[in-house]
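J.: Before I ask anything, let me first share the structure, which is written out below as structure tokens.
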Amino acid sequence: MLKHAVRALTALVLCTGPLGPAHAQQAAPVTMGQINLTFYVATGAVVQAVLEDLGHKVTVSEGNHPTIYERLGKGEVDMLVASWLPNAHGRLQAPLADQLVEATTLYENAKLYWAVPAHVPVSAVRSVDDLRKPDVAARMDKDIVGVGPGSGLMVGSGEIMKRYGLEAAGYKLGIAPAPEWARRLGDATASGKWMVMPLWQPQYLNAVYPVRVLEEPQGVFGTDRAVVVVRKTAWETWPARTRTVLSRVQLGIPVVTELERQIVVEKRPSAQVARDWMRANPDIVKAWFAQ
0 MLKHAVRALT ALVLCTGPLG PAHAQQAAPV TMGQINLTFY VATGAVVQAV
50 LEDLGHKVTV SEGNHPTIYE RLGKGEVDML VASWLPNAHG RLQAPLADQL
100 VEATTLYENA KLYWAVPAHV PVSAVRSVDD LRKPDVAARM DKDIVGVGPG
150 SGLMVGSGEI MKRYGLEAAG YKLGIAPAPE WARRLGDATA SGKWMVMPLW
200 QPQYLNAVYP VRVLEEPQGV FGTDRAVVVV RKTAWETWPA RTRTVLSRVQ
250 LGIPVVTELE RQIVVEKRPS AQVARDWMRA NPDIVKAWFA Q
């Protein structure tokens with residue numbers, strides 16, 4: 000009798016996610032597109048956990064911005080977590096917009112910007128335009144380094160370079176791997192060096208180092224929302240419960256920043272970070288899964 004009870008309990012645990020029974024029907028496998036920057040990894044881990052609790056087997060396909068949108072257009076991935084709309088990723092999504100469904104908005108107020116370490120005096124550098132001042136240009140690191148080839152950050156930064164005549168003032172715009180890009184800010188913070196940092200929110204560096212966002216009078220960068228987009232051909236085959244639950248998933252800027260900080264600074268596995276946050280916030284997660 001005891002053995003039968005143990006077997007029954009084991010079966011229940013195996014078919015049950017941490018938040019309740021997974022979808023009873025065997026749900027279709029999902030290939031999730033994810034841009035290879037760690038704040039996308041943070042949000043992707045939460046969405047993956049939600050889909051797994053709904054009975055989906057999830058495979059993650061990572062790449063840079065153009066690569067992931069190309070895979071989305073070709074149907075090689077079913078969804079993207081997440082597209083910044085309407086500005087940062089608008090040009091990449093536009094050619095395939097009619098193939099996609101906006102499943103949910105993970106966070107509002109997504110922003111790209113240029114920043115400086117907080118030790119750079121605001122009296123000297125308040126705006127991007129101030130970078131051309133001879134006394135500022137003489138002291139500032141002329142290498143402005145960002146991440147993500149083809150990203151909205153780098154496309155917009157290139158536009159800022161042109162509009163503000165920064166090349167004529169001796170500045171150069173380049174791209175580095177994310178660890179090197181982050182290290183530059185850490186080194187400047189420790190040494191007091193003046194430098195410019197192409198940055199955004201949500202981004203864990205905002206929680207680790209004191210930075211100050213520069214004014215950008217010409218408004219090259221806009222404000223976006225981070226949207227989970229799904230190919231219509233996949234969306235229409237997913238169970239209604241999957242569509243309903245996914246449409247409720249929202250995180251917000253502070254949550255994503257903290258999840259990414261744990262992944263990068265504390266070097267914790269992204270899946271564990273996502274699961275721990277979900278367990279620590281049962282009321283939020285239960286509302287997503289409510290019948």
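Each residue of the sequence shown is one higher than the last, beginning at 0 in numbering that gives the first Met the number 0.
Ideal placement from N, C-alpha and C gives every residue a C-beta, glycine not left out.
Keep in mind it's a predicted model, so treat the numbers as computed, not measured.
1. Among residues of its own chain, excluding the 5 on either side of Ala44, which ones have a beta-carbon nearer than 7 Å to its beta-carbon?
2. From Arg162 to Ala114, what does the alpha carbon distance come to, in whole angstroms?
3. Label Gln290 either buried or exposed according to how many other C-beta atoms from any shown protein chain fall within 10 Å of its C-beta, with 16 as the threshold for buried.
4. Can you give the Cα-Cα distance for Val264 and Val76, rounded to whole angstroms?
5. Check each candidate in Phe38, Leu111, Pro148, His55 and name the one with the smallest Cα separation from Ala27.
6. If you follow the alpha helix (DSSP H) that Arg242 is in, where does it begin and where does it stop?
7. Using 9 Å as the threshold, is the C-beta distance between Met194 and Met139 below it?
8. When the Cα atoms are used, what is the spatial distance from Gly191 to Gln261?
9. The beta strand (DSSP E) spanning Lys171 covers which residue range?
10. Measure the C-alpha to C-alpha separation of Pro20 and Val229 and round it to an integer number of angstroms.
11. Output the distance between the C-alpha atoms of Ala87 and Asn35, rounded to the nearest integer angstrom.
12. Excluding the 5 residues flanking Arg6 on each side, which residues of the same chain have their C-beta closer than 6 Å to its C-beta?
13. Starting from Lys231, follow the alpha helix (DSSP H) in both directions and report where the run begins and ends.
14. Measuring CA to CA, which of Glu69, Val57, Gly74, Leu111 is closest to Ala233?
15. Would DSSP call Ser190 helix, strand or coil?
16. Measuring straight from C-alpha to C-alpha, what distance separates Glu235 and Tyr106?
17. Sort out for me which residues DSSP pairs Ala225 with in a bridge.
18. According to DSSP, is Met31 part of a helix, a strand, or is it coil?
19. Give the secondary structure of Pro216 by DSSP, where H, G and I count as helix, E and B as strand, and everything else as coil.
20. For the ligand COA, any of its heavy atoms closer than 8 Å to the Cβ of Glu75?
21. So, Leu258 versus Thr42, is the Cβ gap smaller than 9 Å?
22. Would Ala26 count as contacting chain D if we go by Cβ distances under 9 Å?
23. Could you check which residue in Leu91, Gly164, Leu84 has the C-alpha nearest to that of Glu101?
24. For the region 42-99, list the alpha helix (DSSP H) runs that are entirely contained and at least 4 residues long, ordered along the chain.
25. Which residues in the same chain as Ala117 place their Cβ atom closer than 7 Å to its Cβ, once the five residues preceding and following it in sequence are excluded?
26. Give me the Cα-Cα distance between Ala23 and Leu79, rounded to the nearest whole angstrom.
27. According to DSSP, which residues form a beta bridge with Val210?
28. When the Cα atoms are used, what is the spatial distance from Lys132 to Ser126?
29. Suppose contacts are defined by Cβ-Cβ distances below 9 Å. Is Leu53 in contact with Pro238 by that definition?
30. Throw me the rounded Cβ distance for the Val227 and Ala81 pair, which I believe falls under 8 Å.
31. Taking the alpha carbon of Tyr203 as the point to measure from, which residue in Pro253, Thr241, Gly149, Arg240 has its own alpha carbon closest?
T.: For this structure:
1. As a working note, residue 44 is residue 45 in the sequence shown. Once the five neighbours on either side are set aside, the close Cβ partners of Ala44 are Ser269, Ala270, Val272, Ala273.
2. Position 163 of the sequence shown, counting from 1, holds the residue named residue 162. Position 115 of the sequence shown, counting from 1, holds the residue named residue 114. Ala114 has its alpha-carbon roughly 17 Å from the corresponding atom of Arg162.
3. Position 291 of the sequence shown, counting from 1, holds the residue named residue 290. Here Gln290 is exposed, its C-beta having fewer than 16 other C-beta atoms within 10 Å.
4. Reading the sequence shown from its first residue, position 265 is the one you call residue 264. Reading the sequence shown from its first residue, position 77 is the one you call residue 76. Those two C-alpha atoms are separated by around 29 Å.
5. Walking along the sequence shown from the start, residue 27 turns up at place 28. Nearest option by C-alpha distance: His55.
6. Locating residue 242 in the sequence shown gives position 243, counting from the first residue. For Arg242, the enclosing alpha helix (DSSP H) has its first and last residue at 239-247.
7. The residue labelled residue 194 in the question sits at position 195 within the sequence shown. The residue labelled residue 139 in the question sits at position 140 within the sequence shown. Yes, Cβ-Cβ distance for Met194 and Met139 is below 9 Å.
8. Reading the sequence shown from its first residue, position 192 is the one you call residue 191. Reading the sequence shown from its first residue, position 262 is the one you call residue 261. Between Gly191 and Gln261, the C-alpha separation is close to 26 Å.
9. In the sequence shown, the residue the question calls residue 171 occupies position 172. That run of the beta strand (DSSP E) goes 171-174.
10. Position 21 of the sequence shown holds residue 20. Position 230 of the sequence shown holds residue 229. With a pLDDT of only 42 at Pro20, under 50, the local geometry of the prediction cannot be trusted, and the value read off the model is given with reservation. About 24 Å.
11. As a working note, residue 87 is residue 88 in the sequence shown. As a working note, residue 35 is residue 36 in the sequence shown. Distance between the alpha carbons of Ala87 and Asn35: 16 Å.
12. Position 7 of the sequence shown, counted from the start, is the residue given in the question as residue 6. Because Arg6 sits at a pLDDT of 41, beneath the cut-off of 50, its placement in the model cannot be relied upon, and the following sentence gives the value as read from the coordinates. Non-local C-beta neighbours of Arg6 in its own chain, meaning closer than 6 Å and more than five positions away in sequence, are absent.
13. Taking the first residue of the sequence shown as 1, we reach residue 231 at position 232. Where Lys231 is concerned, the enclosing alpha helix (DSSP H) stretches over 231-234.
14. Position 234 of the sequence shown, counted from the start, is the residue given in the question as residue 233. The shortest C-alpha separation from Ala233 is found at Gly74.
15. Indexing the sequence shown from 1 puts residue 190 at position 191. If DSSP states are grouped into helix, strand and coil, Ser190 belongs with the helices.
16. Taking the first residue of the sequence shown as 1, we reach residue 235 at position 236. Taking the first residue of the sequence shown as 1, we reach residue 106 at position 107. Looking at the backbone, the Cα of Glu235 and that of Tyr106 are separated by about 24 Å.
17. Here residue 225 refers to the residue found at position 226 of the sequence shown. Bridge partners of Ala225: Trp83, Tyr106.
18. By one-based count along the sequence shown, residue 31 stands at place 32. Of the three classes helix, strand and coil, the one that applies to Met31 here is strand, per DSSP.
19. Start at 1 with the first residue of the sequence shown, and residue 216 comes out as number 217. Three-state result, Pro216: coil.
20. Ligands are entirely absent from the displayed structure, and the ligand COA is therefore not among its contents.
21. To locate residue 258, count along the sequence shown from 1; it is residue 259. To locate residue 42, count along the sequence shown from 1; it is residue 43. Less than 9 Å divides the Cβ of Leu258 from the Cβ of Thr42.
22. Considering every chain present, this structure includes no chain D. It has just one protein chain.
23. Locating residue 101 in the sequence shown gives position 102, where the first residue counts as 1. Looking at the Cα atoms, Leu84 is the closest of the given residues.
24. Fully enclosed alpha helix (DSSP H) runs of 4 or longer: 64-73, 89-92.
25. Taking the first residue of the sequence shown as 1, we reach residue 117 at position 118. Within the same chain, Cβ atoms closer than 7 Å to the Cβ of Ala117 are found at Pro209, Val210, Arg211, the five residues on either side in sequence being excluded.
26. In the sequence shown, residue 23 corresponds to position 24, counting from 1. In the sequence shown, residue 79 corresponds to position 80, counting from 1. Since pLDDT at Ala23 reaches only 43, below the 50 mark, its modelled position is unreliable, and no value is offered.
27. To locate residue 210, count along the sequence shown from 1; it is residue 211. Bridge partners of Val210: Pro116.
28. Position 133 of the sequence shown holds residue 132. Position 127 of the sequence shown holds residue 126. Taking the straight line joining both Cα atoms gives about 11 Å.
29. Indexing the sequence shown from 1 puts residue 53 at position 54. Indexing the sequence shown from 1 puts residue 238 at position 239. Less than 9 Å separates the beta-carbon of Leu53 from that of Pro238.
30. Taking the first residue of the sequence shown as position 1, residue 227 is located at position 228. Taking the first residue of the sequence shown as position 1, residue 81 is located at position 82. Indeed they touch by this definition, with Cβ atoms about 5 Å apart.
31. For this step, residue 203 is matched to residue 204 along the sequence shown. Nearest option by C-alpha distance: Pro253.
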